[in-house]
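Counting from 1, position 78 in the sequence shown corresponds to residue 278 in this note's numbering; the numbering is continuous, with no gaps. C-beta: ideal position from N, C-alpha, C; glycine also. Please read these numbers as outputs of a predicted model, since none were measured by experiment.
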Amino acid sequence: MIHRKKIGPLDCTVVGALAEDLPSRLLVVLCHGFGAPGTDLVPLAEEIIGASNRKLDDVTFLFPEAPLGLDAIGGFEGRAWWMINMQALSDMMGARDFSDLRSAVPPGIIEAREMLNETLEEALDATGLSWGELVIGGFSQGAMLTTEVVLNAEQDPRALVAMSGTLICEEQWREKVTHHAGLRVIQSHGRIDPVLPFEAAEWLRDLFVENGCEVRFLPFHGVHTIPMEMLDEIRQLIESSLD
201 MIHRKKIGPL
211 DCTVVGALAE
221 DLPSRLLVVL
231 CHGFGAPGTD
241 LVPLAEEIIG
251 ASNRKLDDVT
261 FLFPEAPLGL
271 DAIGGFEGRA
281 WWMINMQALS
291 DMMGARDFSD
301 LRSAVPPGII
311 EAREMLNETL
321 EEALDATGLS
331 WGELVIGGFS
341 QGAMLTTEVV
351 LNAEQDPRAL
361 VAMSGTLICE
371 EQWREKVTHH
381 AGLRVIQSHG
391 RIDPVLPFEA
401 AEWLRDLFVE
411 NGCEVRFLPF
421 HGVHTIPMEM
431 LDEIRQLIES
441 SLD
């Protein structure tokens, strides 16, 4: 069953235990990328559940919807966690100079982090779970946002899932990650990603590794997308968390 409801300040899609009024043993929160509709990642829950050899009816999947609509700039139903200068990003890709990307603190990221934190608090309260029973991550901008949330948190989730994310807020993240040795990270990125450079994903991976995080890095020959290998990793993570 799929429910649409407001949790904290964000509209969300809920799949699994909480939607069925069943007890939850694990909360999986996945945030979509820039320009995607709020329901963009919802089908992943069905794919993960369908691929598992065990019933996952004690897992709650939560898909928050970004607060900013892009209809005014031709984005139709697309949404954003914060606004992105796509021309500037394209210029960086053309020049192969991403120094501005890694150092940038995007206007609006702090507000987005605070809203997602409110949603997480309410969802954890509703399920009776703790941060240690939370798998959190996202795709592209959603991966960056959830990295920002985790690195600013006082405790670690069960795992951070960063799909096609990149290093931003470098000065702040380098200071924050020192408090998260042992954090489990699963990260994927396409080697020919035309939107966010593969080398920027390597910078993020190295940041985690150098500070004692437990990183599973999944490069793949592809573009700005989520490979089946990553979905399999998430499924295995969920199953091992329940075991």
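Contact with chain D by Arg416, beta-carbon distance below 7 Å: The structure shown contains no chain D; it is built from a single protein chain.
Runs of beta strand (DSSP E) lying entirely within the segment 346 to 423, each at least 3 residues, in chain order: Scanning the segment 346 to 423 from its first residue to its last, the whole beta strand (DSSP E) runs of 3-plus residues come out as 359 to 363, 384 to 390 and 414 to 420.
For Val415, the nearest candidate out of Ile392, Glu399, Ser388 and Leu431 (CA to CA): Residue mapping note: residue 415 aligns to position 215 of the sequence shown, counting from 1. For Val415, the nearest C-alpha among the options comes from Ser388.
Rounded straight-line distance, which links the Cα of Ala251 to that of Leu316: As a working note, residue 316 is residue 116 in the sequence shown. As a working note, residue 251 is residue 51 in the sequence shown. Roughly 28 Å between the two C-alpha positions.
Nearest to Val423 (by Cα), restricted to the options Cys369, Pro237 and Val395: For this step, residue 423 is matched to residue 223 along the sequence shown. Of the candidates Cys369, Pro237 and Val395, the one whose C-alpha sits nearest the C-alpha of Val423 is Val395.
Supposed contact pair Glu348 and Arg313 - C-beta distance, whole angstroms, cut 8 Å: Indexing the sequence shown from 1 puts residue 313 at position 113. Indexing the sequence shown from 1 puts residue 348 at position 148. Right, the Cβ-Cβ distance comes to about 5 Å (below 8 Å), so this counts as a contact.
Residue from Ile368, Ala323 and Ala280 with nearest C-alpha to Leu334: As a position in the sequence shown, residue 334 is number 134, starting the count at 1. Among Ile368, Ala323 and Ala280, the Cα nearest to that of Leu334 is on Ala323.
Cβ contact (3+ pairs, closer than 8 Å) linking the segment 354 to 374 and the segment 426 to 441: Pairwise C-beta distances place the segment 354 to 374 in contact with the segment 426 to 441, as three or more of them are shorter than 8 Å.
Bridge-paired residues (DSSP) for Arg279: For the purposes of this step, residue 279 is taken as residue 79 along the sequence shown, with counting starting at 1. As a beta-bridge residue in DSSP terms, Arg279 pairs with Gly269.
Nonlocal neighbours in the same chain, by C-beta distance under 7 Å from Leu218, ignoring five residues either side: Translated into the one-based positions of the sequence shown, residue 218 becomes position 18. Around Leu218: Ser224, Thr260, Ala326 and Thr327.
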